[in-house]
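Written out below as structure tokens is the structure these notes cover.
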Amino acid sequence: MAEPLLPARPALWLVLGEWRAQPLRVAAAVFAIAVGVALGFAVHLVNQAALASFAGAVHSVAGSADLQIEARTPQGFAESLYPRIAHVPGVAVASPVVEVAATSGQIRRPGSGGTASGRLTLIGLDPFRAVAVTPALVGVRPGRDGAAIDGVYFSAAALAATGARVGGPVTLAAGGRVWETRVAGRLAGVGRAVAVTDIATAQWRLGQLGRLQRLDVRLAQGADPAEVTARLRALLPDDADIATPAGEEARSDSLSRAYRVNLGMLAMVALLTGGFLVFSVQSLAVARRRPQFALLRVLGLRQGALARLVVGEGLALGIAGSILGLGFGYGLAAAAIDLVGGDLGGGYFGGARPVLAVTPGAGLAFAGLGIGVAVIASLLPGREAARARPAVALKSGADGDAGARPRAWPGLALLAAGGLAALAPPIAGLPIAGYAAMALLLAGGVAVMPALARVLLAPWQAMRAPVPVELALRRLWGAPRGAAVALCGIVASTSLMVAMAVMVASFRGSVDDWLGQVLPSDVYLHLEGVETAGLDPAAQARLAATPGVARIRFQRSIAIRLAADRPDVQLSAQPVGATGPVQLPRVGASATPPPGEVPVWVSEAMVWLYDARPGTRLTLPLGGRKVPVFVAGVWRDYARQFGAIAMADEDFTRLTGDATRSDAAVDVAPGADPRRIAAALTARLPPALAGQALVARPAEMRAVALQLFDRSFAITYALEIVSILIGLVGVAATFSGQTLARAREFGMLRHIGVTRGQVLAMLASEGALLGLVGGIAGISLGLVMAQVLIHVVNPQSFHWTMDVSLPWGLLAGLFAALVVAAAGTAVIAGRRALSADAVRAVRDDW
Amino acid sequence: MTGARPASNPAAVPALEIADLAKSVPGRQLFAGLTLAVQPGEVVAIMGESGVGKSTLLNIVAGLDTPDAGRIRIGGSDLAGLDDDGRTRLRRRAIGFVFQAFHILPHLSLVRNVALPLALGGGDGQAEAAAMLARVGLGGREAARPAELSGGELQRVAIARALVHRPSLILADEPTGNLDHETADRILALLIGESRDHGAAAIIVTHSERAAAQCDRVLRLGAGGLAPANG
Chain A
31 MAEPLLPARP ALWLVLGEWR AQPLRVAAAV FAIAVGVALG FAVHLVNQAA LASFAGAVHS
91 VAGSADLQIE ARTPQGFAES LYPRIAHVPG VAVASPVVEV AATSGQIRRP GSGGTASGRL
151 TLIGLDPFRA VAVTPALVGV RPGRDGAAID GVYFSAAALA ATGARVGGPV TLAAGGRVWE
211 TRVAGRLAGV GRAVAVTDIA TAQWRLGQLG RLQRLDVRLA QGADPAEVTA RLRALLPDDA
271 DIATPAGEEA RSDSLSRAYR VNLGMLAMVA LLTGGFLVFS VQSLAVARRR PQFALLRVLG
331 LRQGALARLV VGEGLALGIA GSILGLGFGY GLAAAAIDLV GGDLGGGYFG GARPVLAVTP
391 GAGLAFAGLG IGVAVIASLL PGREAARARP AVALKSGADG DAGARPRAWP GLALLAAGGL
451 AALAPPIAGL PIAGYAAMAL LLAGGVAVMP ALARVLLAPW QAMRAPVPVE LALRRLWGAP
511 RGAAVALCGI VASTSLMVAM AVMVASFRGS VDDWLGQVLP SDVYLHLEGV ETAGLDPAAQ
571 ARLAATPGVA RIRFQRSIAI RLAADRPDVQ LSAQPVGATG PVQLPRVGAS ATPPPGEVPV
631 WVSEAMVWLY DARPGTRLTL PLGGRKVPVF VAGVWRDYAR QFGAIAMADE DFTRLTGDAT
691 RSDAAVDVAP GADPRRIAAA LTARLPPALA GQALVARPAE MRAVALQLFD RSFAITYALE
751 IVSILIGLVG VAATFSGQTL ARAREFGMLR HIGVTRGQVL AMLASEGALL GLVGGIAGIS
811 LGLVMAQVLI HVVNPQSFHW TMDVSLPWGL LAGLFAALVV AAAGTAVIAG RRALSADAVR
871 AVRDDW
Chain B
228 MTGARPASNP AAVPALEIAD LAKSVPGRQL FAGLTLAVQP GEVVAIMGES GVGKSTLLNI
288 VAGLDTPDAG RIRIGGSDLA GLDDDGRTRL RRRAIGFVFQ AFHILPHLSL VRNVALPLAL
348 GGGDGQAEAA AMLARVGLGG REAARPAELS GGELQRVAIA RALVHRPSLI LADEPTGNLD
408 HETADRILAL LIGESRDHGA AAIIVTHSER AAAQCDRVLR LGAGGLAPAN G
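Just so you know, the sequences run in chain order A and B. If you read the first sequence in our numbering, its first letter stands for residue 31, the second for the next number, and so on. If you read the second sequence in our numbering, its first letter stands for residue 228, the second for the next number, and so on.
Now the structure itself:
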């Protein structure tokens, strides 16, 4: 009979025996894995639920359309395209759609709380066509048959957003027009805030006569989509493009992809920290049981089987932690959706109502991750256990660490690999190599610690110190592996903590600076639901003539689509001085446009997503045609992750014929009160636009922006805090484990006349020294890792750069807390170890 | 050098044969040209100054340490032809160990401690272990924990563990070093008696003349190898 790789019965005896003997440390390791798995699983569940909910909302609007012909700008395309598309062979039904952003009542500022934001999408449909493609959007009034749209039908979300009720009156505003109507009925099964009416009514009421924003196309049975798409494409004007369901999916996915991946990675950081805790617990357990393992080797347990025993313990920890983690994760996901919503604070899925759904594959994958981390964390301790020489271990007991000379090259090689990985470009649009660089740097930093600890401790060797400090120094110097295990936990948790803290501080600082740069005026006016038409020149003149207004700069912002599978880009027309747009914070070099070319200035995201570097050209859909423009410069924009373009307002008006404006920046005259000016501006707005206006001063806008920033980082902060807590638990477990394992040594010291206080002072010195060395190393490594987050992960994820700013106060506080916590934990554990009878401690077998 | 007393059964395959064994540690030669044959059932005491290499010799015999030169055969199997796994399997099958410091696993009951050599081979071994505990005077205490036992009792458990898998060779390193005279005498008598009953050869490393006197042969280890203690 073949010999088993690991005899099951004694393995079970030994694992259960160890767990009974060390329940707290085993529980800490299980808990650490459980928290990591729970966070990862919860983030995944919430993301999947939110995406499914968002996709459902998109599907309810797109219906069974195989293709959608979409306008590249809010102005839409000429409706004469519709009959030509409808007659293309292979097209079964084409349903024309008018779709504009609208408001009802006075809109509220984002983040001001409540569900009645006043914003909704107004859709106009031909019911006889729409019923075949988007039946969910065709509302039917109770008691009436057929596919007629009589009045305006609201989705539940639209009713909530406007505060309207079925049968009641409602005032809708869009494009500078106001329409007073009644809510005729409810649209069932539509997740977004949508109001639907007859297409002719919509075109008439919203000033969209002759224009369409979309054609929903259903193909004939058996038609080849590729062939039909090619025929349709041949008919398309410059201001329309074809979108497929797959493209729509890609676009909605890309909206939040980087944010979701980043949250997932943060959860993995917590799991990784848990892995270090398992490593620490396992390393200590192996060190403590070195003579026991030696005995097993003497009794006939093979080297490989001993390694498998330790790895098997890790496996058991991983399984227990993962099972618990999946349960916690589900609860956490449900709580997160209740507290911060399906977008986990990111602001991507407004209005979506996610429902959690667990798939066995996802559960198994996260359990596998937890188990994998625990097993990997046990590999080195297992190897260590198997490699120990039984005869030596039986003789020297658990103190077999002496004389080992730590090697630096594996750690340095990992650090170098991390440095190289940080230089790699994004993979599939994500900073995969950046994350790999972080992991390699962390592993390298931890691996190099034993050797680095010698370097950092060397200067202390020559120092004359009191006996307890002297003993502590000798112990750390003589047992580098033991010190390394403790340092491993400190360095891992500190570096991750520091990296995250520096990145968030840098980001917040940069956003704050940026807000200061882009908000130099005294009062700002912003109109919503004016994609088709905003303030006309007469209204602009009236606002400019407001008493107390020294200067007013108008802007026009519209969303344009440059690629069918990417989110819209914001185009803004604004005053441009001799050197470019006056209010935009520029980064990098500029290029001078050749005579006759239209210059534009693009945000950093445009460079990442469309390769729009200075000196290159872009083609924009403006005024119903494709207009080539010259990229003259790049500016920093933290508001629009998917790209923004600025152009001179006169160029915009000339190219589009649109002289209306949607925003205004107002400088008040010296001595004038900005509050009064704001009120006066609001009073001078055309009545049709008054409800769509938000007027604010920079301080308010800055506060709202930073509040939104903090909200979007709330989950990040929470995940970071969890990682820190796991890291500190790891440090505490390591210190207490090491200290309790040295009861015999303390007993001996007491026998030779070392006082109890001196032993505790020695432990405090050891803890403080380890905290000091670990803190210096961890903060240094964290600062390096922060550079990867700031210069690699963030630009590759969100397409913007930031300036490094160090939170000195936080770093100093962290360092002090670490040293105090390390010393404190060592002393607390030391008191427990010293409470054992000194005579018995010395006599104990092991 | 060989031991002084003739083997009890010259026709049988020796339980242990050592030929021309040499071992040095950094800075000095422990021994060289060490030769020894121990017959089944024979009990040999090895004495010598501290640091002369007595424990190292036992470790080499058990395959836990490697010699610089020489050959060791246990029950006819040459250690030199075995890799680490092979030596481990041989140890599990053919060798029983007793230590000065007992080395009883603190988290396992007595019966599981004793059953370990059999369990490591894939068996259960708890019935045999219970029987063995009874033989060493600890019947009925199978479920007890090591912390509940005295030093003498712990060494009885160690002897039971060393014999439970019926090894052909017992290696005992100062088995009575931690015990008082009276207990030491009883433990040694038990170890020798049980070894003989099981037909196992035994090598007992000891500093105690009193303990050595109970063995069949007494050898003294020095730089030149083993020599009869009285010669």
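Glycine is no exception: its CB is placed at the ideal position from the N, C-alpha and C atoms.
Around the CB of B/ASP247, fewer than 16 other CB atoms lie within 10 Å, so the residue is classed as exposed. With a threshold of 8 Å between beta carbons, A/GLU48 makes contact with chain B.
The C-beta distance from A/PRO267 to A/ILE588 rounds to 17 Å, too long to fall under 8 Å, and the pair is not in contact. Residue contact with chain A for B/PHE326: present (Cβ-Cβ distance below 8 Å to some residue of chain A). For A/PHE158, the three-state secondary structure derived from DSSP is helix. In the DSSP annotation of this structure, the continuous segment of the alpha helix (DSSP H) that includes A/GLN570 starts and ends at 567 to 574. Taken in chain order, the unbroken stretches of alpha helix (DSSP H) that lie wholly in the region 498 to 558 of chain A and span 4 residues or more are 510 to 548. Across the structure, A/LEU336 and A/ARG861 are spaced so that their CA atoms are roughly 33 Å apart. Against chain B, the beta carbon of A/LEU314 has no neighbour under 7 Å; the closest one sits roughly 16 Å away. The Cβ atoms of A/PHE765 and A/GLY797 lie closer than 8 Å to each other.
Remark: C-beta atoms of A/LEU152 and A/ALA132 approach each other more closely than 8 Å. Residue pairing by DSSP places B/GLU244 opposite B/ALA264 and B/ARG300 in a beta bridge.
A distance below 8 Å separates the beta carbons of B/LEU396 and B/ALA428.
The continuous stretches of alpha helix (DSSP H) do not include B/LEU396, which lies in the beta strand (DSSP E) extending over residues 396 to 400. Residues of the region 757 to 768 of chain A with a Cβ closer than 8 Å to any Cβ of chain B: none. At least one C-beta of chain A is nearer than 8 Å to the C-beta of B/GLY348. Out of A/LEU369, A/LEU302 and A/PRO420, the CA that lies nearest to the CA of A/VAL328 is found in A/PRO420. Non-local beta-carbon contacts of A/LEU503 in its own chain, meaning distances under 6 Å to residues more than five positions away in sequence, involve TRP490 in chain order. If you look at A/THR712, you'll find it in the alpha helix (DSSP H) that goes 704 to 713. Under the three-state reduction of DSSP output, A/LEU614 falls in the coil class, being neither helix nor strand. Any Cβ of chain A closer than 8 Å to the Cβ of B/ASP292 would place that residue at the interface, and such an atom is present.
In this structure, B/GLY426 sits near B/GLY268, with a CB-CB distance shorter than 8 Å. Distances from the alpha-carbon of A/VAL849 to those of A/LEU793, A/PRO837 and A/LEU811 put A/LEU793 closest. By a beta-carbon distance limit of 8 Å, A/VAL521 contacts A/GLY475. Their separation comes to about 6 Å. Taking 8 Å as the cut-off between beta carbons, none of the residues of the region 788 to 804 of chain A comes near chain B. Secondary-structure assignment with DSSP links A/THR201 through a beta bridge to A/GLU210. Per DSSP, the continuous beta strand (DSSP E) segment holding B/PHE326 begins and ends at 322 to 326.
Secondary structure of A/PRO629 (DSSP, three-state): strand. B/LEU376 has a beta carbon lying at 8 Å or more from every beta carbon in chain A. A/THR690 is the residue among A/LEU331, A/THR690, A/VAL734 and A/VAL752 whose C-alpha sits nearest the C-alpha of A/ALA568. The secondary-structure analysis by DSSP pairs B/LYS281 with nothing; it has no beta-bridge partner.
The C-alpha of A/GLN243 is placed about 19 Å away from the C-alpha of A/VAL118. Closest in alpha carbon position to A/ALA846, among A/LEU819, A/GLY801, A/ALA807 and A/TRP830, is A/GLY801. Secondary structure note for A/ARG591: it is in no alpha helix (DSSP H), with a DSSP letter that is neither H nor E.
As summarised for the region 649 to 719 of chain A, the continuous alpha helix (DSSP H) elements at least 4 residues long and confined to that stretch are 679 to 686 and 704 to 713, given in chain order.
Linking A/VAL161 to A/ALA188 through their CA atoms gives a straight-line distance of about 21 Å.
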